[in-house]
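The structure under discussion appears below in the form of structure tokens.
Protein chains: 2
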Amino acid sequence: MNSKKVSIKDVALQSDVSVATVSRILNNTGRFSSKTATRVMKVANDLGYRQNRLAVGLRSKESNTIGILVPDITNEFFSKIVKKCEQFLFSTGYSTIICNTDRSEEREREYYRTLLDHQIDGLIIISTSASQGSKTIETHIPTVFIDRKPSSDNESVVSSDHYEGGRIITEYLLNDGRVPYLIMTKTKSTATIERVKAFKDVLQKRGFKKFNQHIYSLNMTSDKFLDSDKELKDILSTLIERKEKIGIFAINDNIAYMVIRAAKQLDIEVPKTISVIGFDGTSYSEISSPQITTIKQNVDLISKRACELLLAKMQKKNEGKKQNFFKIPVELVVRQSS
Amino acid sequence: MNSKKVSIKDVALQSDVSVATVSRILNNTGRFSSKTATRVMKVANDLGYRQNRLAVGLRSKESNTIGILVPDITNEFFSKIVKKCEQFLFSTGYSTIICNTDRSEEREREYYRTLLDHQIDGLIIISTSASQGSKTIETHIPTVFIDRKPSSDNESVVSSDHYEGGRIITEYLLNDGRVPYLIMTKTKSTATIERVKAFKDVLQKRGFKKFNQHIYSLNMTSDKFLDSDKELKDILSTLIERKEKIGIFAINDNIAYMVIRAAKQLDIEVPKTISVIGFDGTSYSEISSPQITTIKQNVDLISKRACELLLAKMQKKNEGKKQNFFKIPVELVVRQSS
DNA sequence: ATGAAAGCGCTAACAG
DNA sequence: CTGTTAGCGCTTTCAT
Chain S
343 MNSKKVSIKD VALQSDVSVA TVSRILNNTG RFSSKTATRV MKVANDLGYR
393 QNRLAVGLRS KESNTIGILV PDITNEFFSK IVKKCEQFLF STGYSTIICN
443 TDRSEERERE YYRTLLDHQI DGLIIISTSA SQGSKTIETH IPTVFIDRKP
493 SSDNESVVSS DHYEGGRIIT EYLLNDGRVP YLIMTKTKST ATIERVKAFK
543 DVLQKRGFKK FNQHIYSLNM TSDKFLDSDK ELKDILSTLI ERKEKIGIFA
593 INDNIAYMVI RAAKQLDIEV PKTISVIGFD GTSYSEISSP QITTIKQNVD
643 LISKRACELL LAKMQKKNEG KKQNFFKIPV ELVVRQSS
Chain E
343 MNSKKVSIKD VALQSDVSVA TVSRILNNTG RFSSKTATRV MKVANDLGYR
393 QNRLAVGLRS KESNTIGILV PDITNEFFSK IVKKCEQFLF STGYSTIICN
443 TDRSEERERE YYRTLLDHQI DGLIIISTSA SQGSKTIETH IPTVFIDRKP
493 SSDNESVVSS DHYEGGRIIT EYLLNDGRVP YLIMTKTKST ATIERVKAFK
543 DVLQKRGFKK FNQHIYSLNM TSDKFLDSDK ELKDILSTLI ERKEKIGIFA
593 INDNIAYMVI RAAKQLDIEV PKTISVIGFD GTSYSEISSP QITTIKQNVD
643 LISKRACELL LAKMQKKNEG KKQNFFKIPV ELVVRQSS
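Heads up: the sequence lines are chains S and E, in that order. Under this note's numbering, the first sequence is numbered contiguously, ending at residue 680. Under this note's numbering, the second sequence is numbered contiguously, ending at residue 680.
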């Protein structure tokens, strides 16, 4: 238990070799005999030697650190992705710096710069409501986007097939004889946009006119979802008067949960009078009663693909642009709310 | 938009001064004229100069990076704390490396070492079920624990007043004429231990014998909570047969939520037949219906105090041990479940 | 008020 | 197979 920090120099001295040799052995870059190797390793161990990553990074231009930009780690879906990525990356030798951007472009840019200061080797950017045509970060380092369309098109993206998910939900509702309504939030993320698009497309194909009247936008963001019960109740009350069999496509599980809660409070039967389908597959869809039918995103796969893609990018910077858009399949999980 | 990285040397060259002067100006460490200062600043700006934190860290022995060890960022309570800390620290110039230990001591140690390799200036350790008497990390750098009793007693701890919270709940139940039962998980965190202790103490004081019969331990950890409905239903069924007015102290909001759900499925009225009180003040306590009475932890204050404490520790390493145990007050939020 | 120079801990030529 | 040397980008004496 030496409190003093031991450097590669100390190891070299104790082992009667040069620092170069120690370095080679520690990094296993060849050019050394296994005999000295074992000796050096022992000394390093005994001394409790540990690399100074700062020095390594400075010299080798590789910090072995990667950054993650995430809108809000408090959002279950994001926190799951971040966790998976962090674990995956750590297992391959990288440390991760996680930054909450709060969906603010300014913070995002600020964080991006700081991450560059840290000489990160790669970057994962999750979602963020890229306000239309805004100049989203132009990265000059290997970057992978999750659930966000980048500005330039030689960037890499991993994303659930939101469009397909939206399509499945809408058609499910329709085939169930429901009049479909979409309830969403103000958050205009890439994911949202795709889901809405699918909704509209299906409605159009099925001959609906004025399908904008089938869309309600709550005055809130996607990360929080505790308020505005009244707004929702008003919507449901209005809908219920039409005496139709109603099917609600909630833009995510949080909203679905709220819809169901509001319905219960209005004594509306779910799924009999109103059937509700969510999106994401978060714990809310499971704990709700009735449990929520939802489109489940494959968080593990998304995270894994994103990391793999990033690692690949980092290895061969120069490379013909291969497939750089991964669509991860989604899955309809039918439960009690539909 | 220079893609090439510009170093302090470039700035020096362009400004016709030495790197030393540039460094002084950039860090505002004095010994320069305001005239050259403005010139250098302009050049630095024009060139888009940015510090290489690795180099700074290597030289100055301060990485301006701090580490956070957290059991599971997917747990809402933890993610809130981590987010707050991260934001607070960033605003004071520090970057944060977040590590999910998954409540594994091995991973914890591994991460700790890696964090040291990164030359972190300070460390925040959140919870983790320190299995009895286990050798929890001995840190040689400024460290603050959140919700965990450290091994040596000159460490700093910030924690909600879990004991007080447990006391309030138990007495509330008692005063409401309920026979109190505690339902907990297998996770033996410091927080849990305190809450349970308070429960026992109050029961003892109120003349209960064999109060261990008032405690049920579910076969699960605190981070997940979707399974084992059956276990819970069995417990509730047993309790209900006693024809008492029952009051349940759920060790956290997740459990409280599950208890209520199970009760509903058994057609047990909450709070009439069984009243339920949770702990933490997470979103689950709000979204549940009936909404859950709970002890709310002051996440913002906890995070803020922890960061402030850490920063203070980092500044003056040598200091008489001042107060190093912060108990953050908790608050009973009475809602519908009790 | 400024510059020269040393050096943090490490890796990467280059020699041998 | 191993050692010598240079230098990554920066801060910090020590001069002047």
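Think of the CB as a built atom: it goes at the ideal place given N, C-alpha and C, for glycine as much as any other residue. Fair warning: this is a prediction, and the values are worked out from it, not measured in the lab.
Selection from the options that minimises the alpha carbon distance to residue i
i, options, result
"S421/S", "S433/E, E404/E, I440/E, F430/E", "I440/E"
"D642/E", "K551/E, S680/E, F430/E, Y505/E", "F430/E"
"V385/E", "E673/E, S531/E, D352/E", "D352/E"
"Q633/S", "R647/S, V601/S, S645/S, A654/S", "V601/S"
"V500/S", "I644/S, S680/S, I350/S", "I644/S"
"L652/E", "L396/E, E428/E, S375/E", "E428/E"
"R647/E", "T635/E, S630/E, N666/E", "N666/E"
"P413/S", "S437/S, I466/S, K377/S, T371/S", "I466/S"
"T615/E", "T371/E, L457/E, R520/E, E628/E", "R520/E"
"D571/E", "K585/E, I670/E, R603/E", "R603/E"
"R366/E", "E452/E, V398/E, S631/E", "V398/E"
"S617/E", "K552/E, T378/E, Y514/E", "Y514/E"
"E404/S", "V675/S, Q657/S, V676/S", "Q657/S"
"K425/E", "S433/S, F550/S, L411/S", "L411/S"
"L389/S", "K346/S, N369/S, I408/S", "K346/S"
"L674/E", "T434/E, T512/E, L524/E, V364/E", "T512/E"
"S402/E", "R373/E, N369/E, T416/E", "N369/E"
"D609/E", "N554/E, I582/E, E497/E", "I582/E"
"Y436/S", "T371/S, S625/S, R395/S, T380/S", "R395/S"
"I597/E", "Y523/E, K655/E, T580/E", "Y523/E"
"H556/E", "N640/E, T363/E, R584/E", "R584/E"
"S631/E", "M383/E, T378/E, R677/E, C649/E", "R677/E"
"M562/E", "N640/E, R451/E, K530/E", "K530/E"
"T407/E", "S433/E, R392/E, V382/E", "S433/E"
Beta-bridge partners of residue i, as assigned by DSSP
i, result
"F668/E", "V500/E"
"L411/S", "C441/S, I467/S"
"A592/E", "I525/E"
"Y558/E", "I525/E"
"T485/E", "L465/E"
"Q674/S", "Reading the sequence as shown, one finds Leu at residue 674/S and not Gln. The partner list for L674/S (beta bridge, DSSP) reads I637/S."
Segment limits, alpha helix (DSSP H) that includes residue i
i, result
"M526/E", "Taken as a continuous stretch (DSSP letters only), M526/E belongs to no alpha helix (DSSP H), being part of the beta strand (DSSP E) at 521-526."
"L652/S", "641-657"
"S494/E", "It is not in any alpha helix (DSSP H) - S494/E carries neither H nor E in the DSSP assignment."
"I610/S", "Segment: none, I610/S is in no alpha helix (DSSP H) and carries neither H nor E."
"K346/S", "No alpha helix (DSSP H) holds K346/S; DSSP gives it neither H nor E."
"S376/S", "376-389"
"V538/E", "532-547"
"D459/E", "447-459"
"Y626/S", "625-629"
"Q429/S", "418-433"
"S365/S", "361-369"
Integer-rounded CB distance, given that residue j should sit under 8 Å from residue i
i, j, result
"I350/S", "V359/S", "Not quite, the Cβ-Cβ distance comes to about 11 Å (not below 8 Å), so this is no contact."
"T485/S", "G464/S", "7 Å"
"R509/E", "A540/E", "4 Å"
"A592/E", "G620/E", "5 Å"
"K638/S", "V612/S", "Incorrect: roughly 20 Å between the Cβ atoms, too far for contact."
"I577/E", "I629/E", "Wrong, their Cβ atoms sit about 23 Å apart, outside the cutoff."
"D503/S", "K669/S", "5 Å"
"F553/E", "L560/E", "Their Cβ separation, rounded to whole angstroms, is 18 Å, which puts F553/E and L560/E out of contact at 8 Å."
Residue i: first and last residue of the uninterrupted beta strand (DSSP E) it sits in
i, result
"K403/E", "Counting along the chain, K403/E falls outside any beta strand (DSSP E), and DSSP gives it neither H nor E."
"D622/E", "616-622"
"K638/E", "635-638"
"E583/S", "First-last for E583/S: undefined, no H or E at that position."
Cβ-heavy atom distance, residue i to the ligand COA, below 7 Å
i, result
"S405/E", "Annotation note on the ligand COA: not contained in the displayed structure, which lists no ligands."
What residues in the stretch 385-410 of chain S have a beta carbon less than 8 Å from any beta carbon of chain E?
-> R392, Q393, N394, R395, L396, A397, G399, L400, S405, T407
Near-chain E residues of the stretch 602-629 of chain S (beta-carbon distance less than 9 Å), N- to C-terminal order | R603, K606, Q607, S625, Y626, E628, I629
Name the residues in the stretch 449-464 of chain E whose C-beta lies less than 7 Å from a C-beta of chain S; which are they?
-> R455, T456, L458, D459, H460, Q461
Chain E contacts made by the stretch 433-445 of chain S, where a contact means CB separation under 9 Å | S437, T438, I439, I440, C441, N442, D444
Going along the stretch 411-432 of chain S in order, which residues come within less than 8 Å of chain E, judged by CB to CB distance?
-> D414, I415, T416, E418, S421, K422, V424, K425, E428, Q429, F432
Taking a Cβ distance cut-off of 7 Å, strictly less, list which residues of the stretch 572-605 of chain S are near chain E, in chain order.
-> Y599, R603
Chain S contacts made by the stretch 489-511 of chain E, where a contact means CB separation under 8 Å | none
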